[in-house]
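Input: a single structure, listed below in structure tokens.
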DNA sequence: TAATTTGAGGACCGATCGGTCTATATATCA
DNA sequence: TGATATATAGACCGATCGGTCCTCAAATTA
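Protein chains in written order, with our numbering: chain A, 1 to 204; chain B, 1001 to 1204.
And the structure:
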């Protein structure tokens, strides 16, 4: 047995800023303006780092962007795991899930948009690293929605002839479409009404 | 009565390129890369114009972009006016409309994306001229889809409890969501299947 | 203390950005 | 012919881009 490769203590001055917090602030900057329109001074202001520290910690703008995108995706997936948890009723879970999207895609929240959708449109066609992440996110969402719909189906809560897997694809398209239309800041009540109307077409 | 203000003939050398064709080529350039990532050399290459001619004809990059966006929107609205014409059966029209979106959002077409959705995500939050156009397009689409659904309803072709106006909003979100998910180049057959499945929830 | 590493701040780099302008040729009208 | 307007080509502009480097102070380990 080899000796435990104890993490060697770093010898110099320890890093004094929170890397995850910096990623989060960078995420917010990219979220507000998109990748190309976010310049280095924007990122320095958002993270409160110097150029040197930022480049030492993250390498370059593109790498930092991928970290920010990963953070955004992880947050969204974690939220779905709570909302659509198997420990909750599947229909209640789907209602919560949709209500969350309604909230995030109406009024001022809607106008702010979605980092993932903006990134998909701006970069996914040209950047394979981005494309992988975007495609992975859609798969993750679809899997969780399909799982909830399957549970609803076995519980007899779905209307006849509703296939959980194709209904899940429909709901994914719908909520991503909400993000697009949400850029025009629709009223929360009308978005909520159509989300309800759609879900009602699927349940018994 | 005053004299007819006859359009004065221009006195110098007449313009020798087709302005509309130039707008179309610029539109294709913006469509491929988005607003910020499309640089002036890209536009000069696409339009085959010199810097001088382009600036004389269009003013600046932003103005040219608005012309290109207007062209894109006009094309899309004209297509919907044909597909959803009152002279055709409303359900057939909606099927044609959806099939067109399926075609444009799957495979390589899907990967190319949509100038309007990309613009909505990239600029609508910051650029009021863009925002007006994006919001206007969604309204135009919704109106045409709602009209078709209304005609279907009076013809008894809609399922019970389907409200044409909220179903129209749902379909608008769905097709714009298709454009987003389409960036990952899904198979045409699966997109067609879910479009059919959704429409089937609304018709009798 | 000496060595090491990070910190902030900013000078500096080549490249590119959107946009203006000049020179010269060409095509129209009066 | 002379005036006018457009054409191309490219020089040129200041500003900004992403990224590197340097200086000096501070914080840690050896």
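Glycine included, every Cβ here is placed at the ideal spot set by N, Cα and C.
Is residue i helix, strand or coil by DSSP?
i	result
residue 3(A)	In this prediction, residue 3(A) has a pLDDT of 37, which is less than 50 and means its spatial position is unreliable; nothing more can be read from the coordinates.
residue 69(A)	helix
residue 1176(B)	helix
residue 207(A)	Because chain A spans 1 through 204 in this model, residue 207(A) falls outside it and cannot be assessed.
residue 49(A)	coil
residue 1015(B)	coil
residue 1009(B)	coil
Compare the Cα-Cα distances from residue i to each of the options and report the closest residue.
i	options	result
residue 179(A)	103(A), 167(A) and 12(A)	103(A)
residue 1046(B)	1095(B), 1025(B), 1159(B) and 1199(B)	1025(B)
residue 121(A)	1031(B), 1023(B) and 1039(B)	1031(B)
residue 130(A)	58(A), 146(A) and 116(A)	116(A)
residue 1164(B)	1066(B), 1094(B) and 1134(B)	1094(B)
residue 153(A)	91(A), 189(A) and 124(A)	91(A)
residue 172(A)	204(A), 139(A) and 190(A)	139(A)
residue 191(A)	28(A), 101(A) and 11(A)	101(A)
residue 1188(B)	1098(B), 1061(B), 1124(B) and 1137(B)	1098(B)
residue 1086(B)	1151(B), 1062(B) and 1048(B)	1151(B)
residue 19(A)	108(A), 177(A) and 67(A)	67(A)
residue 1169(B)	175(A), 39(A) and 194(A)	194(A)
residue 108(A)	11(A), 181(A) and 69(A)	181(A)
residue 27(A)	119(A), 9(A), 204(A) and 176(A)	119(A)
Name the chain B residues that come within less than 7 Å of residue i, Cβ to Cβ?
i	result
residue 28(A)	Residues of chain B passing the Cβ test: none, with the nearest at roughly 14 Å.
residue 109(A)	Those within 7 Å of residue 109(A) in chain B number zero; the least Cβ separation is about 11 Å.
Sorted by chain position, which residues of the same chain lie with C-beta nearer than 7 Å to residue i's C-beta, five sequence neighbours on each side aside?
i	result
residue 96(A)	83
residue 1186(B)	1106 and 1110
residue 89(A)	none
residue 1015(B)	none
residue 1202(B)	1158, 1159, 1162 and 1167
residue 1183(B)	1110, 1111 and 1113
Under 7 Å between beta-carbons, which chain A residues line up against residue i? List them in chain order, please.
i	result
residue 964(B)	The question about residue 964(B) has no answer, for chain B in this structure spans 1001 to 1204.
residue 1037(B)	36
residue 1102(B)	The contacting residues do not exist; residue 1102(B) stays about 11 Å from chain A at best.
residue 1015(B)	Here the premise fails: no neighbours, minimum Cβ distance about 33 Å.
Is it the case that the CB of residue i approaches a heavy atom of the ligand ATP more closely than 7 Å?
i	result
residue 195(A)	In the structure shown, the ligand ATP is absent, as is every other ligand, since no ligand is present at all.
Give the residues of chain B in contact with residue i, contact being defined as C-beta atoms less than 8 Å apart.
i	result
residue 166(A)	1193, 1194 and 1197
residue 138(A)	1181 and 1184
residue 144(A)	In chain order: nothing, as chain B lies at least about 15 Å away.
residue 95(A)	Simply none; closest approach about 16 Å.
Please compile the residues from chain A whose C-beta is within a distance smaller than 9 Å of the C-beta of residue i.
i	result
residue 1175(B)	173 and 177
residue 1112(B)	125
Given that residue i touches chain A, what residues does it touch there, using C-beta distances under 8 Å?
i	result
residue 1170(B)	174, 194, 197 and 198
residue 1163(B)	197
residue 1117(B)	121 and 180
residue 1135(B)	184
residue 1067(B)	Correct list: empty, because the minimum Cβ distance to chain A is about 21 Å.
Got a sec? Which residues, its chain only, sit under 6 Å from residue i by beta carbon, not counting five neighbours each side?
i	result
residue 58(A)	64
residue 38(A)	29 and 30
residue 1023(B)	1067, 1068 and 1071
Starting from residue i, find everything on chain B with Cβ-Cβ shorter than 9 Å and list it in chain order.
i	result
residue 45(A)	Within chain B, no residue comes near residue 45(A); the closest Cβ sits about 17 Å away, beyond 9 Å.
residue 151(A)	Under the 9 Å cutoff, chain B gives no residues; its nearest Cβ is about 19 Å from residue 151(A).
If you drop the 5 nearest sequence neighbours on each side, which residues of the same chain put their C-beta closer than 8 Å to that of residue i?
i	result
residue 1137(B)	1073, 1076, 1077 and 1116
residue 70(A)	133
Next on the checklist: Using a Cβ distance threshold of 8 Å, determine whether the segment 194 to 204 of chain A contacts the segment 112 to 120 of chain A, with at least three qualifying pairs required.
Outcome noted: By the Cβ criterion, the segment 194 to 204 of chain A is not in contact with the segment 112 to 120 of chain A, since fewer than three pairs of Cβ atoms, one from each stretch, lie closer than 8 Å.
Checklist entry - Quick one: any contact between the segment 144 to 159 of chain A and the segment 1143 to 1151 of chain B, if contact means 3 or more CB pairs under 8 Å? => result By the C-beta criterion, the segment 144 to 159 of chain A is judged not to be in contact with the segment 1143 to 1151 of chain B, since fewer than 3 inter-stretch pairs fall below 8 Å.
Checklist entry - Is it a yes or a no for the segment 48 to 58 of chain A touching the segment 71 to 81 of chain A, going by three-plus beta-carbon pairs under 8 Å? => result With the cut-off at 8 Å, the segment 48 to 58 of chain A and the segment 71 to 81 of chain A do not touch.
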